[in-house]
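A.B. asks: Just passing along the structure, written as structure tokens.
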Amino acid sequence: MSKRTVELSVATPGADAHGDPLRVPIPASPADVDPELGGEHLLINLGPQHPATHGVLRLVVELEGETVVRVIPHVGYLHSGFEKLGEYRHYNQIVPLTDRTDYLAPMSNNVGVALAAEKLMGIEITPRCQVLRVIACEMSRIISHLVWLGTTSIDLGAFTPFLWAFQQRERIYNLQEMWTGARLTTSLTRVGGLLADVPDKFVTDLREFTETFPDTLDEIDRVLTRNAVWVGRTQNIGVLTAQEAINYSLSGPMLRASGVPWDMRKDKPYLGYETYDFDVPVGENGDVYDRFLVRLEECYQSNRILAQALDRLPDGPINVDDPRVILPPKSRAMNDMEAMIYHFKQVMEGVKAPVGEAYAGIENPKGELGNYFVSDGTAKPVRWRIRPPAFINLASISKMAEGHLLSDLIAINASVDIVMGEVDR
Amino acid sequence: MKHLETVKGSDNWLTTKFTALVNWAVNQSRANSLWPMPFGTACCAIEFMATAASRFDLARFGMERQAFSPRQSDVLICAGRLPFKLAPVIRRIYDQMPQPKWVISMGACASTGGIFDNYAMVQGIDTVVPVDVYVPGCPPRPEGLLYGILMLHKKIKGEDLFDPSLRTEHLLNDKGLRLPPEQIDEISEPFGNSVHQFRSA
Amino acid sequence: MNPSAQALQATFGNAIGRVVDARGETIVYVTAARVRDVLAWLKQTAGQDYDYLVDVTAVEYRDRERALEVVWNLRSLASRRDLRIKVELDPRGTLAVPSVVDLWAGANWLEREVFDMFGVTFTGHPDLRRILMWETYAEGHPLRKDFPLRGRFSRSEQVRQALNVNPEGHYSLEELAIAESFDELPAEMRDRLARGQRDQIANSE
Amino acid sequence: MLEPYVPWLILLVFVLVNAAGMLILSHFAGPRRPTPVKLAPYESGMPPLGSAHERFSVKFYLVAMLFIVFDIETVFLIPWATIFFGSGAPGGPGMGFLLIEMLVFLVILFVGYLYVWKRGAFQWD
Chain H
1 MSKRTVELSV
11 ATPGADAHGD
21 PLRVPIPASP
31 ADVDPELGGE
41 HLLINLGPQH
51 PATHGVLRLV
61 VELEGETVVR
71 VIPHVGYLHS
81 GFEKLGEYRH
91 YNQIVPLTDR
101 TDYLAPMSNN
111 VGVALAAEKL
121 MGIEITPRCQ
131 VLRVIACEMS
141 RIISHLVWLG
151 TTSIDLGAFT
161 PFLWAFQQRE
171 RIYNLQEMWT
181 GARLTTSLTR
191 VGGLLADVPD
201 KFVTDLREFT
211 ETFPDTLDEI
221 DRVLTRNAVW
231 VGRTQNIGVL
241 TAQEAINYSL
251 SGPMLRASGV
261 PWDMRKDKPY
271 LGYETYDFDV
281 PVGENGDVYD
291 RFLVRLEECY
301 QSNRILAQAL
311 DRLPDGPINV
321 DDPRVILPPK
331 SRAMNDMEAM
341 IYHFKQVMEG
351 VKAPVGEAYA
361 GIENPKGELG
371 NYFVSDGTAK
381 PVRWRIRPPA
391 FINLASISKM
401 AEGHLLSDLI
411 AINASVDIVM
421 GEVDR
Chain R
426 MKHLETVKGS
436 DNWLTTKFTA
446 LVNWAVNQSR
456 ANSLWPMPFG
466 TACCAIEFMA
476 TAASRFDLAR
486 FGMERQAFSP
496 RQSDVLICAG
506 RLPFKLAPVI
516 RRIYDQMPQP
526 KWVISMGACA
536 STGGIFDNYA
546 MVQGIDTVVP
556 VDVYVPGCPP
566 RPEGLLYGIL
576 MLHKKIKGED
586 LFDPSLRTEH
596 LLNDKGLRLP
606 PEQIDEISEP
616 FGNSVHQFRS
626 A
Chain Z
627 MNPSAQALQA
637 TFGNAIGRVV
647 DARGETIVYV
657 TAARVRDVLA
667 WLKQTAGQDY
677 DYLVDVTAVE
687 YRDRERALEV
697 VWNLRSLASR
707 RDLRIKVELD
717 PRGTLAVPSV
727 VDLWAGANWL
737 EREVFDMFGV
747 TFTGHPDLRR
757 ILMWETYAEG
767 HPLRKDFPLR
777 GRFSRSEQVR
787 QALNVNPEGH
797 YSLEELAIAE
807 SFDELPAEMR
817 DRLARGQRDQ
827 IANSE
Chain F
832 MLEPYVPWLI
842 LLVFVLVNAA
852 GMLILSHFAG
862 PRRPTPVKLA
872 PYESGMPPLG
882 SAHERFSVKF
892 YLVAMLFIVF
902 DIETVFLIPW
912 ATIFFGSGAP
922 GGPGMGFLLI
932 EMLVFLVILF
942 VGYLYVWKRG
952 AFQWD
């Protein structure tokens, strides 16, 4: 930020050699004459309780006039000790904990922890369960991106996309409620299967959603993408090059917006994602505008995956039929002695895992969500580590925000798409 | 006008009717234009946003204007769990709200610490700030929160304007707590399933 | 079996301990002294180029004899290979491990969190402070196995500590310096900072 | 002679009485319960640090002054515009004369605008 000096001078009654009035220069810019007069830095708190911090994040911002000199983020204001609680829970009891970490994409978190537990125990899930889990992950991606779209557009001044986005979210909430009984805290998966099979009305409603959802996306696209204010506020703001993105271990839309084509669904496929036909949007210059375009395009792609998943939904059991892992149905448990014993052992002692450890990373809407279980043979994990994509993406905000205006800092903070439940765990 | 007839046992017909009228008028206007201070921390905040959005529409209850600063808000809605690191923040914001002010504790985690009976979580925000209405649920459905708000309306309409004890400012006592320590320990006792949280093996 | 494991054994010989290959993952145990060179080697040599740090964490086992492990998950984006490096530390001894912030900038917060939760100090970390708990948190390191689930203090003491945390619990010394507001600080805080006393607040009984 | 303005004056009086009344009434009737925390500045729930009375750089003051100058210019345009179109009345000034007069005013201000532009006051950073 260069200090600009303004040369002002005042004509005095005297005359110089050429007879012109003698001009006496006035030190116009105080900063040159007396740096102390230039104004010290102002320290403000974009504190835990702030409409633009998307949760209880706290940014201590050092300002010079309007320009951000430095941003010091403080997190931990929603630290709820999930990993400590995980060590006191059976594997199936950990699933309800996971909806509360990233509460914008609850089903995707349930699938993540179930995949890690099944990888630890070496369980192969049924094809119908695989497709249903893909449906769950893609629905979570849509509602998470819709919340991001709504709140970011509010931050930058556009209120209507928030209402459009939340109207579509309510439709997915209805589907989630139909499937699991809860709008938000779904606790969908169990080790080796799912909570319940989808009701028939679910398939028709989801089909109808996939047909009408792109219209709302087109409206949001038409309102925002070529909107002069939106473009002006987001283009080449908070730029991260591909090299910096990799060095800061970013993941998900943040990484892809900087031009690194890494998507867990394509590069380390799970749940049969390699058999689906979808493409991964990759940005060029890694600014806030590219992250918006990447996330908007991802909504379209998720919609395509949902349509394909509905076409190929095989019928058959949703749970693997291994009585040590999945509760026997109530009818058999009450009549058949062996089933009752399995039922009793599972409820009282939980599902035992072999000694060892397993890490399973999935493509969560925020980035690569990893669940790392270490087990010593008992039914409760020794260590449950959540690899938090939002936490790691947020760490780069001080690098992105230097030198920008304060209003750009709000746009950058919104573009990181943080959810504090996952950042603080 | 149902509320007016319930005034009983008052000494003098004329004055009681007058105070009842003033009470009715002021409380009615207060209840129907509560500006919420959404102290949204966790999952309940998303459900609060869904309540404020177009389907469940908080605007029907005069709560259209969400005030994000304590200076212009009447009811502090603690939507979501409250870790210990956030306790001084909610205490400071509650103190900085002008009277008359109320607090709705939305969700099981705010009301009792919920499933987080561990080192990081305040076991119920009533150990930090006085709470008027507890809304159960994890998260409470938007209808649940709206019912909680209606109960707060009923409470406000029953308040007496001329009773100073309702509106006095209670700061932290000399020990730096809101309640005596033994009462806080008693409130934060583990109950239900979390009593069975044995060793971690 | 990840080919990098053999390459490591060939290059570093006895610095590399056991190599475990289970469930499609390769885990390499490294001695604490050489872990810094191993990680730098993995990142910088042409054949390996593990340029992406997935995660840094720590694991403590329930039986006290087993060592506390610090875990690095590395990934090479080009060749799509994952590798997990582990270092075993004595839980009762001093927990110190070299920091890798200059190799991968993403490790900054991850290491701060491991320090906050386990008490493992990362030597060479630019700004090792607590990240999840407030800075003057006096109950210790929560994820250690000897730390009780509900914390060491009584609930009322925890609430009292939380409600009365001093301003420097919220602000790092660096921010206090930025604000150049040392003379505007409350008097008792000023002399407390001058005395360098930043730990527990005096019990006001 | 003032008949057309009477309703406007009544409105003005009502507005003044209303505004002043609300201020004075709330000042006296409104209960005040100050506490040290309530009077402290609101900084998103954090204890405030440092004072807000820092010195700002001069460019903000410069822009404010420029805004006032060019805003008043438009204020003068409004009454002129009201009489400009109806000015064919005999004996009154002709449209041409009014146009020239306003153009002179605008040119003078435009020269000032160019001077300020060249001096670089609009250059923000």
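Chains H, R, Z and F, in that order, are what the protein sequence lines are. Mapping of the first sequence onto the working numbering: position 150 corresponds to residue 150, and the numbering continues sequentially without gaps. Mapping of the second sequence onto the working numbering: position 134 corresponds to residue 559, and the numbering continues sequentially without gaps. Mapping of the third sequence onto the working numbering: position 113 corresponds to residue 739, and the numbering continues sequentially without gaps. Mapping of the fourth sequence onto the working numbering: position 47 corresponds to residue 878, and the numbering continues sequentially without gaps. We put the beta carbon where it would ideally sit given N, CA and C, even for glycine. None of the values given here were measured: they were computed from a predicted structure.
According to DSSP, is E62 of chain H part of a helix, a strand, or is it coil?
C.D. replies: In this structure, E62 of chain H counts as strand in the three-state DSSP scheme.
A.B. asks: Who are the Cβ neighbours of G943 of chain F in its own chain at under 8 Å, not counting the five residues just before and after it?
C.D. replies: Excluding positions up to five away in sequence, the list reads V900.
A.B. asks: Could you have a look at L708 of chain Z and say whether DSSP puts it in helix, strand or coil?
C.D. replies: Looking at the sequence itself, residue 708 of chain Z is Asp, so the reference to Leu does not match. D708 of chain Z falls in the strand class under three-state DSSP.
A.B. asks: If you draw a straight line from the C-alpha of L575 of chain R to the C-alpha of R490 of chain R, how long is it?
C.D. replies: If I take the Cα positions, the gap works out to 17 Å.
A.B. asks: Between L908 of chain F and chain H, is there a C-beta pair that is closer than 8 Å?
C.D. replies: By this cut-off, L908 of chain F is not an interface position.
A.B. asks: Which residues of chain R have a Cβ atom closer than 7 Å to the Cβ of G876 of chain F, listed in chain order?
C.D. replies: Correct list: V514, R517 and I518.
A.B. asks: Pull up the distance between the alpha-carbon of S454 of chain R and that of E62 of chain H, whole angstroms please.
C.D. replies: Straight-line Cα distance between these residues: approximately 42 Å.
A.B. asks: Taking the CB atoms as reference points, tell me whether P314 of chain H and A105 of chain H lie closer together than 8 Å.
C.D. replies: It is not a contact, given that the beta carbons lie outside the stated cut-off.
A.B. asks: Go through its chain and collect everything with a Cβ distance to V840 of chain Z's Cβ below 6 Å, but skip five positions before and after it.
C.D. replies: Nothing in the structure corresponds to residue 840 of chain Z, since chain Z is present only between 627 and 831.
A.B. asks: Would you kindly report the start and end of the unbroken beta strand (DSSP E) that includes G367 of chain H?
C.D. replies: Unbroken beta strand (DSSP E) run through G367 of chain H: G367 to S375.
A.B. asks: According to DSSP, is P867 of chain F part of a helix, a strand, or is it coil?
C.D. replies: In this structure, P867 of chain F counts as helix in the three-state DSSP scheme.
A.B. asks: Evaluate contact between the region 86-93 of chain H and the region 403-410 of chain H, counting only Cβ atoms and requiring at least three cross-stretch pairs below 8 Å.
C.D. replies: No, the region 86-93 of chain H is not in contact with the region 403-410 of chain H.
A.B. asks: Under 8 Å, do P717 of chain Z and R690 of chain Z count as touching if we go by C-beta distance?
C.D. replies: Yes, these two residues count as a Cβ contact at 8 Å.
A.B. asks: For the alpha helix (DSSP H) that N110 of chain H lies in, which residues bound it at each end?
C.D. replies: Per DSSP, N110 of chain H belongs to the alpha helix (DSSP H) from P106 to M121.
A.B. asks: Have a look at H:M254, H:S249, H:N174 and H:P96 and flag the residue whose alpha-carbon is nearest the alpha-carbon of H145 of chain H.
C.D. replies: For H145 of chain H, the nearest C-alpha among the options comes from H:M254.
A.B. asks: State the DSSP-derived secondary structure class of Y572 of chain R, mapped to helix, strand or coil.
C.D. replies: Helix, per DSSP.
A.B. asks: Might you give, ordered along the chain, the residues of its own chain that have their beta carbon closer than 6 Å to the beta carbon of W911 of chain F, omitting 5 neighbours on each side?
C.D. replies: Same-chain partners within the cutoff: M933.
A.B. asks: Just to confirm my understanding: we take A722 of chain Z, look at its own chain, exclude 5 residues before and 5 after, and list those with CB closer than 6 Å. What are they?
C.D. replies: Around A722 of chain Z: T747 and T749.
A.B. asks: Helix, strand or coil for G356 of chain H? Go by DSSP, reduced to three states.
C.D. replies: Correct three-state label for G356 of chain H: strand.
A.B. asks: Examine chain Z for any beta-carbon lying closer than 8 Å to the beta-carbon of V75 of chain H, and answer yes or no.
C.D. replies: Closer than 8 Å: yes.
A.B. asks: Helix, strand or coil: how does DSSP classify R755 of chain Z here?
C.D. replies: If DSSP states are grouped into helix, strand and coil, R755 of chain Z belongs with coil.
A.B. asks: Would you identify the three-state DSSP class for S458 of chain R, choosing helix, strand or coil?
C.D. replies: Residue state, collapsed to three classes: coil.
A.B. asks: Using DSSP with H/G/I as helix, E/B as strand and the rest coil, what is E36 of chain H?
C.D. replies: Because E36 of chain H sits at a pLDDT of 41, beneath the cut-off of 50, its placement in the model cannot be relied upon, and the following sentence gives the value as read from the coordinates. If DSSP states are grouped into helix, strand and coil, E36 of chain H belongs with the helices.
A.B. asks: With 8 Å as the limit, tell me which residues of the region 162-185 of chain H have their beta carbon closer than that to any beta carbon of chain R; keep them in chain order.
C.D. replies: Of all residues in the region 162-185 of chain H, F162, L163, F166, Q167, R169, E170, Y173, R183, L184 and T185 have a Cβ within less than 8 Å of some Cβ in chain R.
A.B. asks: Using the three-state DSSP reduction, which class does T444 of chain R fall into: helix, strand or coil?
C.D. replies: T444 of chain R: helix per DSSP, three-state reduction.
A.B. asks: Between the C-alpha atoms of D218 of chain H and L132 of chain H, what's the straight-line distance to the nearest angstrom?
C.D. replies: Whole-angstrom Cα-Cα distance: 27 Å.
A.B. asks: Going by alpha carbons, who is nearest to G719 of chain Z out of Z:R688, Z:S702, Z:L709 and Z:L694?
C.D. replies: For G719 of chain Z, the nearest C-alpha among the options comes from Z:L694.
A.B. asks: Using three-state DSSP, classify S888 of chain F as helix, strand or coil.
C.D. replies: The answer is coil: DSSP assigns S888 of chain F none of H, G, I, E or B.
A.B. asks: Please confirm whether S494 of chain R has its beta-carbon closer than 8 Å to some beta-carbon of chain F.
C.D. replies: Yes, contact with chain F.
A.B. asks: From the beta carbon of P768 of chain Z, is the nearest beta carbon of chain F less than 8 Å away?
C.D. replies: No, no contact with chain F.
A.B. asks: With DSSP collapsed to three states, give me the class of P724 of chain Z.
C.D. replies: P724 of chain Z: strand per DSSP, three-state reduction.
A.B. asks: Roughly how many angstroms lie between the CA atoms of F82 of chain H and M743 of chain Z, to the nearest whole one?
C.D. replies: One C-alpha to the other measures close to 12 Å.
A.B. asks: Taking all protein chains shown into account, decide if W730 of chain Z is buried (16 or more other Cβ within 10 angstroms of its Cβ) or exposed.
C.D. replies: That one is buried.
A.B. asks: One question on the structure: do H751 of chain Z and S725 of chain Z come within less than 8 Å of each other, judged by their Cβ atoms?
C.D. replies: Yes. Within cutoff.
A.B. asks: Given this structure, state the Cα-to-Cα distance separating G465 of chain R from I142 of chain H, to the nearest angstrom.
C.D. replies: Each residue's alpha carbon lies about 22 Å from the other.
A.B. asks: Along chain Z, in chain order, which residues have C-beta atoms closer than 9 Å to that of E284 of chain H?
C.D. replies: None at all; the shortest Cβ gap to chain Z is about 18 Å.
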